[in-house]
Structure formats: C-alpha cells, structure tokens
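Chemist:
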Amino acid sequence: MVSPVTATSSGGRSFFAGFWSSARRRKSIGVPSDGSDHSGGLVRGLGLLDLILLGIGASIGAGIFVVTGTVARDAGPGVTVSFALAGAACVLNAFCYAELSSRFPAVVGGAYLYTYTAFNELTAFLVFTQLMLDYHIAAASIARSLASYFVSLLELFPFFKGHFPSWIGHGGIEFFGGIVSINILAPILLVILTVILCCGVKESSAVNSFMTATKVVIVIIVIFTGAFEVDVSNWSPFAPNGFKAIVTGATVVFFSYVGFDAVANSAEESKKPQRDLPIGILASLLVCAMLYVGVCLVITGMVPYKILGEEAPLAEAFTAKGLKFVTVLISIGAVAGLTTTLLVGLYVQSRLYLGLARDGLLPAIFSKVHLVRHTPIHSQVWVGIVASIMAGLFNVRQLSHILSVGTLTGYSVVSACVITLRWKDTVTNQVSQKCITSRSEGTICLVAIAFCGFIAGLCYRFNASIILMIFAIIIAILGASALQFRQDYADPPGFSCPAVPVIPIVSVFFNMFLFAQLHEEAWYRFIIVSLIAIVMYASYGQYHANPVSSEHSHAYHGIPSSEAA
Numbered sequence: 017m018v019s020p021v022t023a024t025s026s027g028g029r030s031f032f033a034g035f036w037s038s039a040r041r042r043k044s045i046g047v048p049s050d051g052s053d054h055s056g057g058l059v060r061g062l063g064l065l066d067l068i069l070l071g072i073g074a075s076i077g078a079g080i081f082v083v084t085g086t087v088a089r090d091a092g093p094g095v096t097v098s099f100a101l102a103g104a105a106c107v108l109n110a111f112c113y114a115e116l117s118s119r120f121p122a123v124v125g126g127a128y129l130y131t132y133t134a135f136n137e138l139t140a141f142l143v144f145t146q147l148m149l150d151y152h153i154a155a156a157s158i159a160r161s162l163a164s165y166f167v168s169l170l171e172l173f174p175f176f177k178g179h180f181p182s183w184i185g186h187g188g189i190e191f192f193g194g195i196v197s198i199n200i201l202a203p204i205l206l207v208i209l210t211v212i213l214c215c216g217v218k219e220s221s222a223v224n225s226f227m228t229a230t231k232v233v234i235v236i237i238v239i240f241t242g243a244f245e246v247d248v249s250n251w252s253p254f255a256p257n258g259f260k261a262i263v264t265g266a267t268v269v270f271f272s273y274v275g276f277d278a279v280a281n282s283a284e285e286s287k288k289p290q291r292d293l294p295i296g297i298l299a300s301l302l303v304c305a306m307l308y309v310g311v312c313l314v315i316t317g318m319v320p321y322k323i324l325g326e327e328a329p330l331a332e333a334f335t336a337k338g339l340k341f342v343t344v345l346i347s348i349g350a351v352a353g354l355t356t357t358l359l360v361g362l363y364v365q366s367r368l369y370l371g372l373a374r375d376g377l378l379p380a381i382f383s384k385v386h387l388v389r390h391t392p393i394h395s396q397v398w399v400g401i402v403a404s405i406m407a408g409l410f411n412v413r414q415l416s417h418i419l420s421v422g423t424l425t426g427y428s429v430v431s432a433c434v435i436t437l438r439w440k441d442t443v444t445n446q447v448s449q450k451c452i453t454s455r456s457e458g459t460i461c462l463v464a465i466a467f468c469g470f471i472a473g474l475c476y477r478f479n480a481s482i483i484l485m486i487f488a489i490i491i492a493i494l495g496a497s498a499l500q501f502r503q504d505y506a507d508p509p510g511f512s513c514p515a516v517p518v519i520p521i522v523s524v525f526f527n528m529f530l531f532a533q534l535h536e537e538a539w540y541r542f543i544i545v546s547l548i549a550i551v552m553y554a555s556y557g558q559y560h561a562n563p564v565s566s567e568h569s570h571a572y573h574g575i576p577s578s579e580a581a
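Printed below as a string of structure tokens:
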C-alpha cells in the first residue's frame, strides 16, 4: 500500500515533470508557403500599400504633434538627432522582424509565433501576455485621448464650445478617490471601431488607409508651412544640455516607432507575404522617421526651444506665428492619428488571440472565424469589450508609465529568434567532451548579453561607476564573440537580415538598455505578469496546447535544431 505522503510526493514530481516537458515544446516547422492558402478562414486582401499604411497607422498618433515638442524642451534642437538615433535603433529591430516575417508567411502570431518556434512554448506564452497587457492598457488609454481630442475638435466650433461635460470627453467623473473615472465617449468610439473591424479586413483597411493618408498629408502640410517660418538662429545652440540629453531623448522617443508587430501579424491576410511584409515593415519605419525628423526641424526652428509648451507645443508654435488655421489641421491630424493607432491596435490584439487559440493555449472560441466576414469575430468582440470597460470606468492613462514592457520584451526576443533560427543542425558537430549542447551554449550567451544590456542601462540611468558599465559591455562582447565564432549559421530563404549575429545582438543589448530606463513599477509589472502567466499556463495551457495542428496548415521556413522539442 502506497502511503499518502509518498503518493503526494510522486504526484508533485509528476506535475513538475509534465510542466517542464510541456514548457520546452517548440512549434514544428513545415514546408514553404506561397501565400495562396486561406488558412483558418482569413482572406488575403492586403496589398503592399495597405501594409505600409498599417505600419504608419500603428506608429504615428497624436504624439507626433506633442512628443516632438516636449522632448525638445530638454534636448533642444538636438531632438532631431534623438529621433534619428531612435529610428536607427529601430531599424535593427525592423531587420529582424523583416527576416522572420518572410520566413513565417502563413499565419498570424508575430513575436509570439517566432518565439514559439525558436525557443519554447512557455517563453512564447510569456511574450504574449506581456504584449497583450501593453495592447489592452494602450487601447483604453488611446480611446480616452481620442475622446478628449474629438471633443476639442468639436469645440473649435462656437456652437459646441462649453457644452460637453467632463464625463463625455475630457477626463471623466471620478469616484473613490479617482480609482473609478466614468467616461462615456471613449467606449462609444471603441464600439464603432470594433464594428468596423468585425465587418472585414478590407473594410477596416480602407478606413485605416483613408485616416492614415489624411494624417500624413496634414503632417506634410504642417512641415512645409512651418518651413517658411523657420529662423535658423533658433537651432543654436544645437545641443544646449549636451549629448547625454540627446541620448536620453532617444530612449523616450524610441517608442514612437512601434508598427513592426502590427505588420507582422497581418501575414495571413497579406496577398504576397514573403515579398510584401519585409518591405512594409521597413518602408513604414522609413516614412515615420522622415516625418518625425521633419516636424522636429520645423518646431525647433520656428520658436526657441525654451518656450515650447508641454500640452500642445506644435499648435502653440504656429499660434505664435499667427497661423491659427494650422492648429485646426493639427487637431484633425491628432484625431486621425489616434483613430488609426487605436484601430490597428485592436486589429493586432484579435489576431494574437486567434493565433494562441489555434495552438490551444487559449479557449477554442477565440479561434473561430466568421464564414462570411472572414474575421475572428469572438476575439475581436472580446478585445473591444475589455478596452471599453477599461476606458469607460478607469483613468488608465495613469498606467502609462508601466507600458512599453511588452514592446521591449517582444523586440528583444524577436531579435534573439533570428539568431537561434539561423543555427544549423549541430547534431553531427557535437563534441563528446562538451557538458552542454551548442544550442544551450548559444542561448546562455544571448541571456548574458541581455542581462549585460540591462546592467549597462542601470549604470547610465543612475550615474553608477563607469567601470561597472565597461565590465558589462566587455562581458556582452565576449558573449557576442562566442555567438559569432562558435556557432554555424545558415542563410534563410526570402529576406535576410544583414550581419547576423551582430545586428540582432546589438538590438538585444540596446533593447535591454532601454528596459532599464523604464519606471521601476514597470519592472515590478514585468515580474508580476510573468508569474501570473506561468500560473495560467500551468493550469490551462500545458494541457490544451497543440504545437502541431492538423486543422490549420502552418507553413514555416526554418533551419533544423539539434534538440528535440
């Protein structure tokens, strides 16, 4: 007879053994796809221009009219260099996304999908939860901002001015010390956008294309109009607070370029994913960088950087020059920008839910696609409901300081995925004296580089000893050298990220450097959400996950690994 203690101990070992085995599973890699399938009921209706506008729509919101000026107050005219540096850093991430998007052309998933194939099931689920919390909070926060800007636009007309109570658009009625903040317009706007997205990808893409084109045209008009009011003497001194202020500004504006995952998640609805996705990712980034730099040059040339306001610096600059009609265009551009950012954000969330539900990590209801509209109705409605509740009842903009955790997590892991998926089959190259495999050694090096990037970021942020920062950089260089000379790399099909593994390594290091610049509460959020995600996976995901699905045709390009899943 087995004693209860022995049975409990055996059961505990069995649970942890099963958990560890499930957590290490990786999604299988299939044959190349020409992008002609209609997997899961989604239709391929997005062309190259649609993808570029999708990336621009996800990246440029009202911030182009605000962040450019607020950062300029510290960096001076050097804010132009801040945006250029941030754009250059984002190019590293964009190269990584571009390669993987051409390798995984068949289905939705983005960073989650890449991580599932390159690393393991649990890491992929952790990436999803971090990204999804960012998306949920951002959607509710943007909806509130959109409601406020929309009311402000209406109040430009004398008939509407002063007739909107706070609970409709501006802020909200607060209860329980501000914990609850009622806003009516934000949920209404979310419902409208959710209905548009449920109608079909062609309809939502048409709306996004129109609003994004409107926004871009307005930004171009603002740039050209302001160019005639520029006084070059305002650009001197160019960096009044030194180069460090410019670098700090780059860490702030880095998050103005966040359209990669949106384009990558549209893979299943792209007409020619292998060709168009890399172009869409890189082209949208280039357009965004040019627009940001153009606005920076104009705003710092029109008025001295010291007198720029915090709430609406660009509008104030044009008002100071007697060009009040431009402020109307700025208001319209802000509404259009926030609308596209919100629309694309809701779109990406539903596709991520769809991808995880197909793999069994979420309930199957999220994987259902409408037979006529060809959209994941249940996922889209769920995303809209969550955002509407958060935007209607809570002032989520106060949580903005814990955002960007998911973005940097996704960027870092995607860059690492490029390296791991390039590794050749090393089964025949194993040395008997080795204690660990080449893959494990490479993974340890990647983790060490990420950790060193975080330590270097902490040293920079808190002005710690330069010796510690140099030591962290040296360790990272040693890890990079091991990845460069002790691993064999193969050339992937489709678009190829240049200078692998150097570019992905620099990307991982810099992303973690930026992670160290986030608010301390963002670090706590990362740990807490990760723990919650592990519990969710242990209680549901590990029992229902199906990495190799027979129902949906998952066609991936990849290089065999030396380890079994």
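Numbering (this note's numbering), first residue to last: 17 to 581.
No residue lacks a Cβ here, since even glycine has one placed at the ideal position from N, Cα and C.
1. Could you spell out the range, first to last residue, of the alpha helix (DSSP H) harbouring Glu536?
2. Do the CB positions of Glu245 and Gly310 come within less than 9 Å of each other?
3. Suppose contacts are defined by Cβ-Cβ distances below 9 Å. Is Val124 in contact with Ser282 by that definition?
4. Thr267: buried (16+ other C-beta within 10 angstroms of its C-beta) or exposed?
5. Rounding to the nearest angstrom, what Cα-Cα distance links Tyr308 and Asp247 in this structure?
6. Name the one or two DSSP bridge partners that Ser197 has.
7. Just to confirm, is the Cβ distance from Cys461 to Ala498 under 9 Å?
8. Taking the alpha helix (DSSP H) that Ser454 falls in, what are its first and last residues?
9. Applying the criterion that 16 or more other CB atoms from any shown protein chain within 10 Å of the CB defines a buried residue, is Leu547 buried or exposed?
10. Mind checking whether the beta-carbon of Pro203 lies closer than 8 Å to any heavy atom of the ligand GTP?
11. Roughly how many whole angstroms lie between the Cα atoms of Val360 and Gly400?
12. Output the distance between the C-alpha atoms of Gly105 and Ala33, rounded to the nearest integer angstrom.
13. Can you give the Cα-Cα distance for Ala350 and Ile315, rounded to whole angstroms?
14. Roughly how many whole angstroms lie between the Cα atoms of Ala466 and Met528?
15. Where in the stretch 127-193 do unbroken runs of the alpha helix (DSSP H), each at least 4 residues long, occur, reported from the N-terminal end onward?
16. Going by Cα to Cα distance, which pick from Ala159, Gly92 and Ala91 is closest to Val402?
17. Fully enclosed by the stretch 87-124, which beta strand (DSSP E) runs are 3 residues long or longer?
18. Can you list, in chain order, the residues of its chain whose CB lies under 7 Å from that of Leu142, leaving out five sequence neighbours each side?
19. Looking at Ser44 and Arg291, is the spacing between their C-beta atoms short of 9 Å?
20. Rounded to the nearest angstrom, what separates Gly194 and Gly408 at their Cα positions?
21. Could you tell me which of Leu415, Val87, Ala532 and Thr355 sits nearest to Thr425, measuring between CA atoms?
22. In this structure, how does DSSP classify Ser523 when only helix, strand and coil are distinguished?
23. So, with DSSP's three-state summary, where would you put Tyr308?
24. Could you tell me the boundaries of the alpha helix (DSSP H) in which Gly353 lies?
25. DSSP puts Ser286 in a beta bridge; with which residues?
26. Which residues in the same chain have their Cβ closer than 6 Å to the Cβ of Phe542, if we skip the five residues on either side of it in sequence?
27. What do you reckon, are the CB atoms on Val82 and Ala432 nearer than 9 Å?
28. What does the alpha-carbon distance come out to for the pair Gly73 and Gly63?
29. Could you tell me the alpha carbon to alpha carbon distance between Ile491 and Ser454, rounded to whole angstroms?
30. Exposed or buried, what is Asn479 when buried is set at 16 or more other beta-carbons lying within 10 Å of its beta-carbon?
31. Determine contact between the stretch 87-95 and the stretch 254-271, defined as no fewer than three beta-carbon pairs at a distance below 8 Å.
32. Hey, how far is the Cα of Tyr451 from the Cα of Val430?
33. Mind checking who Trp439 pairs with in its DSSP beta bridge?
34. Grab the span of the alpha helix (DSSP H) containing Leu419 for me, first residue to last.
35. Sort Val223, Pro517 and Ala114 by Cα distance to Pro509 and report the nearest one.
36. Cα separation between Gly85 and Ile236?
Modeler: Reading off the structure:
1. Glu536 to Met552
2. no
3. yes
4. buried
5. 19 Å
6. Glu190
7. yes
8. Ser454 to Arg477
9. exposed
10. Among the components of this structure there are no ligands whatsoever, and the ligand GTP is therefore not found.
11. 12 Å
12. The sequence given here has Ala at residue 105, not Gly. C-alpha separation (whole angstroms): 41 Å.
13. 16 Å
14. 6 Å
15. 127-134 and 137-170
16. Ala159
17. none
18. Ser546 and Ala549
19. no
20. 13 Å
21. Ala532
22. helix
23. helix
24. Lys340 to Arg374
25. Leu62
26. Val421
27. no
28. 15 Å
29. 19 Å
30. exposed
31. yes
32. Before going further, note that residue 451 is Cys rather than Tyr in the sequence given. Cα to Cα, Cys451 sits roughly 27 Å from Val430.
33. Tyr505
34. Unbroken run through Leu419: none, as it is neither H nor E.
35. Ala114
36. 17 Å
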